[in-house]
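Undergrad:
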Amino acid sequence: MSDGLAKVLRRFEERLVSLESEVAAGARHWKAVHLDKALAALPGDHVAAHGHLDEMDRAELAREYPSLVEDHVPTVEEIRTRFGMIAGGNL
2 MSDGLAKVLR RFEERLVSLE SEVAAGARHW KAVHLDKALA ALPGDHVAAH GHLDEMDRAE
62 LAREYPSLVE DHVPTVEEIR TRFGMIAGGN L
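Under our numbering, the first residue of the sequence shown is numbered 2, with each subsequent residue one higher.
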């Protein structure tokens, strides 16, 4: 496994754990959207996945894009399941 892939897997895991802990407190919609986009990019392009995680980290995102709405926003559980399938035993 490349160093870049290992870094993005660790970074993704940190953000996912954080989002899971925020669910009960009403985590913001855009966090799940960007985490889902990072997960979609992860298998083929870990650089793009880093970019989506960068977007998630920007606190101003909610103010810049208040109308960020998608037809289906995945649940945190769905993101955790897909991440587990991609990461496998690589962590």
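The C-beta atom is built at its ideal place from N, Cα and C for all residues, glycine as well.
Since the model is a prediction, treat every value here as computed from it, not as a measurement.
#1: What is the DSSP secondary structure of Thr-82, counted as helix, strand or coil?
#2: Going by DSSP, what residue range makes up the alpha helix (DSSP H) through Asp-46?
#3: Which residue marks the beginning of the alpha helix (DSSP H) containing Ser-22, and which one marks its end?
#4: Buried or exposed: where does His-35 fall if 16 or more other Cβ atoms within 10 Å of its Cβ makes it buried?
#5: Quick one: residues in its chain with C-beta nearer than 6 angstroms to the C-beta of Ala-33, no 5 flanking neighbours on either side, listed in chain order?
#6: At the level of alpha carbons, what is the spacing between Ala-42 and Val-24?
#7: Run the CB neighbour count on His-30, radius 10 Å, all protein chains shown included, and call it buried at 16 or more, exposed below.
#8: Where does Arg-11 land, buried or exposed, given buried means 16+ other C-beta within 10 angstroms?
TA: Straight from the coordinates:
#1: Along the sequence shown, read from residue 1 onward, the residue named residue 82 stands at position 81. Residue state, collapsed to three classes: helix.
#2: For this step, residue 46 is matched to residue 45 along the sequence shown. No alpha helix (DSSP H) contains Asp-46, which DSSP labels as neither H nor E.
#3: Your numbering for residue 22 matches position 21 in the sequence shown. It spans 4 to 23 - the alpha helix (DSSP H) in which Ser-22 sits, taken as one unbroken run.
#4: Here residue 35 refers to the residue found at position 34 of the sequence shown. Result: buried.
#5: Locating residue 33 in the sequence shown gives position 32, where the first residue counts as 1. Val-74, listed in sequence order.
#6: Along the sequence shown, one-based indexing puts residue 42 at 41. Along the sequence shown, one-based indexing puts residue 24 at 23. Approximately 23 angstroms, taken between the alpha carbons.
#7: Residue mapping note: residue 30 aligns to position 29 of the sequence shown, counting from 1. That one is exposed.
#8: Here residue 11 is taken as the residue at index 10 of the sequence shown, counted from 1. Counting Cβ neighbours within 10 Å, Arg-11 comes out exposed, since fewer than 16 surround it.
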